[in-house]
Every structure is written in C-alpha cells, then in structure tokens.
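Worksheet: one structure, shown below.
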Amino acid sequence: MLRVIKKYPNRRLYDTETSTYITLTDVRQLVMASAQFVVRDAKTNEDLTRSILLQIILEEETGGVPMFTEAVLANIIRFYGNAMQGFMGAYLEKNVQTFMDLQVSMAEQSKGLTPEMWAQFMNTKSPMMQGMMGNYVEQSKNVFTQMQEQMQKQSEQMLSAFGLKR
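9 is the number of the first residue of the sequence shown in the numbering used here; add one for each residue after it.
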C-alpha cells in the first residue's frame, strides 16, 4: 500500500501511516529504505512528491559533499526546453538504474568478505570487478545507442512530415 504524506500550508509534513508530523530528514529515510510513498498537498491533493524529492537533493547538495559539480548542474539546466530534454531524462534514468543494479550486484557478491578480500575484490584489475564495470559500460553504451537511434527516427519522421528526405 502506498504511504501518504500530507503537506500542510505551514510547510509541515504529516505521515498518515504513523499519524505524526515528520521532517525532510524522515522523508529521506523513507527514500533510503525504498519505501513507496506519495506527498500530497493537504488542501488540493496535488502530488508534491517530485518537489519534496528535489528539496532533499538540494539539502544534500548544499550540505556536506555535493554529487554534482557546477558544470554538471549548468549542463542539466541547458537541457530544459531543449529538443534533447526527453532523451536526456530517459538516458540519465536508465544509467542511474544500471548503476544501482551494479551496486546491488557488488553488495551480493561481497557478502562475507574479509577486509583483505574486499580490497582485492575492489581492485580495478580483478577479473570480477572488470567484468562488472565492463557490463556497466556496455549497458550504458547500449542505452546511448538506443537514444541515438530514437533521435534519428524522430528526425527522419519530422523531415518527412515537411516533405524532406535524408
């Protein structure tokens, strides 16, 4: 069942499952626990989940060690309104999912390793690590190739709509 969190005009978040007010830190913990939830405006019932997730990212980026450089953030902003916006979003989503799958695979394969074995496992020269990274790079390349093919098809469709051929 989907957990519902209500956001009130006073900016407070209310977890309907626990009947308590929660903070963004609590919502972040729900994300980290892979809990399924939605954040809704208490008055309008509008879905505010994306907005809350973006707030959490902003807090993470401004405190501690940021994940994105200014150059990366500027490039992401440049994609908004660009013909490539939809492709970029899909590309990033698929790449992040592939990376998460790699992380899960690494965690499963490293259970029970001693610190020495872990160091050897993480050595980029080890066959297991090379295989995993190779799979990640290959999947990333495949996603990019699919994106290029999709863009080419759309370009050809657009040109043919105008009576032009490639």
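Glycine is no exception: its CB is placed at the ideal position from the N, C-alpha and C atoms.
Since the structure is predicted, the reported quantities are computational estimates derived from the model, not experimental observations.
Cβ neighbour criterion (16 or more within 10 Å) applied to residue i
i: residue 119; result: exposed
i: residue 10; result: exposed
i: residue 62; result: exposed
i: residue 100; result: exposed
i: residue 21; result: buried
i: residue 47; result: buried
i: residue 56; result: buried
Unbroken beta strand (DSSP E) run spanning residue i, endpoints
i: residue 22; result: 21-23
Bridge partners - residue i, DSSP secondary structure assignment
i: residue 12; result: 46
Proximity below 8 Å, CB of residue i to CB of residue j
i: residue 24; j: residue 14; result: yes
i: residue 35; j: residue 60; result: yes
i: residue 87; j: residue 96; result: yes
i: residue 32; j: residue 67; result: yes
Of all the beta strand (DSSP E) runs that stay within the bounds of the region 29-97, which reach a length of 3 or more residues? Runs of the beta strand (DSSP E) inside the region 29-97: 45-49.
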